[in-house]
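In terms of the UniProt record's numbering, the sequence shown is residues 1 to 348.
Glycine residues also receive a C-beta, built at the ideal position from the N, C-alpha and C atoms.
Keep in mind that this is a model prediction, so the values were computed, not measured.
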Amino acid sequence: MESKFKLQTLIRPNIAAMQPYSSARDEFKEFDKEMVFLDANENPFGKGLNRYPDPNQSSLKKSFSKVRGVPSAQILLGNGSDEVLDLIFRAFCEPNVDTIITLPPTYGMYKVLANLNAIENREVLLRKDFQIDTQEVLNAQTANTKLLFVCSPNNPTGTVFNEEDIKELLCNFNGLVVIDEAYIDFSASESWVSKLSMYPNLIVTQTLSKAFGMAGIRLGVCYASVEIISVLNKIKPPYNVNALTQQRALEQLGKHSEIDSQIRFLKEQRGVLSKALLQLKCIEEIVPSEANFLLVKVDDATKRYQQLIEKGIVVRNRSNQPLCENTLRFTIGTETENKILIETLKTL
Ligand SMILES: *Cc1c(COP(=O)(O)O)cnc(C)c1O
Numbered sequence: 001m002e003s004k005f006k007l008q009t010l011i012r013p014n015i016a017a018m019q020p021y022s023s024a025r026d027e028f029k030e031f032d033k034e035m036v037f038l039d040a041n042e043n044p045f046g047k048g049l050n051r052y053p054d055p056n057q058s059s060l061k062k063s064f065s066k067v068r069g070v071p072s073a074q075i076l077l078g079n080g081s082d083e084v085l086d087l088i089f090r091a092f093c094e095p096n097v098d099t100i101i102t103l104p105p106t107y108g109m110y111k112v113l114a115n116l117n118a119i120e121n122r123e124v125l126l127r128k129d130f131q132i133d134t135q136e137v138l139n140a141q142t143a144n145t146k147l148l149f150v151c152s153p154n155n156p157t158g159t160v161f162n163e164e165d166i167k168e169l170l171c172n173f174n175g176l177v178v179i180d181e182a183y184i185d186f187s188a189s190e191s192w193v194s195k196l197s198m199y200p201n202l203i204v205t206q207t208l209s210k211a212f213g214m215a216g217i218r219l220g221v222c223y224a225s226v227e228i229i230s231v232l233n234k235i236k237p238p239y240n241v242n243a244l245t246q247q248r249a250l251e252q253l254g255k256h257s258e259i260d261s262q263i264r265f266l267k268e269q270r271g272v273l274s275k276a277l278l279q280l281k282c283i284e285e286i287v288p289s290e291a292n293f294l295l296v297k298v299d300d301a302t303k304r305y306q307q308l309i310e311k312g313i314v315v316r317n318r319s320n321q322p323l324c325e326n327t328l329r330f331t332i333g334t335e336t337e338n339k340i341l342i343e344t345l346k347t348l
C-alpha cells in the first residue's frame, strides 16, 4: 500500500510549481531576540500587538507536539479547522476536474468547501447502523478522486467508525484520507495521529473549538506526513494564526487538569442526559454518542424544535439530513442547562 502511494501525483500542478510568499518574519526567524526590527514596516509604537505574529507558530506547535506526540514538522495550524480543510482542497483538488467523497450524514462544511472550490462531491451514504459501506466508497472513486472525508466521531451522529473499515480505506483509497477528529477527546477510541507513520495518505484534523473550549479564538490543527504539511505550509497565508490566538491557545494547552475534568464531566452528563431523555414520551431513540452531543429521534422534530425555541432553548434540527428523519441534536451543556432541557421537554 505504501509503495503505490505517490504524493507528487496528487498535488495540483500550479501548486507544485509555485514559490511561496516570503515574509519579513520568514527571512529573519529569531524573534525572541532583542533586535532592532526595521524589516516589516510595522509601527514601532505599540503594546505587544504592533509586531506580526510568528508565521510558523513555533511555540504553539511545540506545545501541540507534546500534547499529541507528533513532531512539529508534521503539524499545520489554521484559522479554525475550516481554514485547514480549505487549504487541503486548494492544494490537492483541481477545480472542475477533481472529485472528493463524503459520507453523509456528516459535517456540512466538506460539501460547502467542495462547492466553493468547484469540486464534485460524490456522496456515499452511511449504512443504517451509521457505519461506512467501504466497498461502495472504493467503487465511487475514479482516477480524479483526491480526498475522502471521514468524520470520527461523526457529526451529527456522534458515532465512531470501525477501525478495520478505516484501515481498509487507508490501504485501498487512491487519494488522501482526511479523518476529522473534532470530537476525539470525548471518545473512548484512540486518535489516528498515532498511525501517521504507517499511512502516508493519512491526514488528521483537530480543533480547539470543542473539548478545549476555545471556539472563539479559531484554531484548527492538521497532522500529516512532513511531505503533506510542507505542501500546505507553502500555500497558507503567511500570518494565518494571529498573535492573540497563539497566546490564548498556548495558555489553554497548559491547563491539562482543567480541560480533562471538563471532558470527564461532559461525558458523565452525556450519560445522565441520555438516561433522562429516554424517560420522555416524545423521545423515541438516542444514537449512542462518543461526542459532546446526542442525536435524538423524536416524534415530530419540527414541532419540538419550534416549541423549544419558544421556551428559549436552541437545539439543532437535523431532520433534513439523510438517515436522520425526525432527529434533533442536543449539545451537552452545564448541569443546569441539561436540567432545563429535560424539564422543558417534560412540559411539551
Ligand atoms: C465543530 C466542528 C469542527 C470545528 O471547526 P472549527 O473551524 O475548528 O471551529 C470541525 N469538524 C467538525 C466535524 C465539527 O463538528
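Tell me whether residue i is buried or exposed, calling it buried when 16 or more other Cβ atoms sit within 10 Å of its Cβ.
i      : result
Asn201 : buried
Leu38  : exposed
Phe265 : exposed
Glu251 : exposed
Lys236 : buried
Asp180 : buried
Asp260 : exposed
Asp185 : buried
Glu2   : Interpretation of Glu2 is limited by its pLDDT of 47, a score under 50 that renders its predicted location unreliable; no figure is taken from the coordinates.
Lys311 : exposed
Leu278 : exposed
Thr334 : exposed
Arg127 : exposed
Ala182 : buried
Ser257 : exposed
Asn338 : buried
Phe212 : buried
Can you look up residue i in the DSSP assignment and give me helix, strand or coil?
i      : result
Gly46  : coil
Glu284 : strand
Asn139 : helix
Gly78  : strand
Lys210 : coil
Leu328 : strand
Leu148 : strand
Asn155 : coil
Phe28  : coil
Ser72  : helix
Ser230 : helix
Leu85  : helix
Cys93  : coil
Lys195 : helix
Ala40  : coil
Ile184 : helix
Leu7   : helix
Thr134 : helix
Met1   : Because the pLDDT at Met1 is just 46, under 50, the model does not fix this residue reliably, and the value given afterwards should be weighed accordingly. DSSP places Met1 in coil when its eight states are reduced to three.
Taking DSSP's pairing of strands, which residues face residue i in a bridge?
i      : result
Arg122 : Ile101
Ile203 : Val178
Gly220 : Gly78, Thr207
Let's see if you can read the secondary structure: which residues bound the alpha helix (DSSP H) around residue i?
i      : result
Ser191 : Element bounds for Ser191: n/a, residue is neither H nor E.
Asn14  : 13-17
Val67  : 58-68
Met109 : 109-116
Asp165 : 163-172
Asn338 : 335-347
Beta strand (DSSP E) runs wholly inside the region 234-319, at least 3 long, in chain order: 283-286, 293-298, all fully within the region 234-319.
By C-beta, the residues closer than 5 Å to any heavy atom of ligand 2, given in chain order: The model on display carries ligand 1 but not ligand 2.
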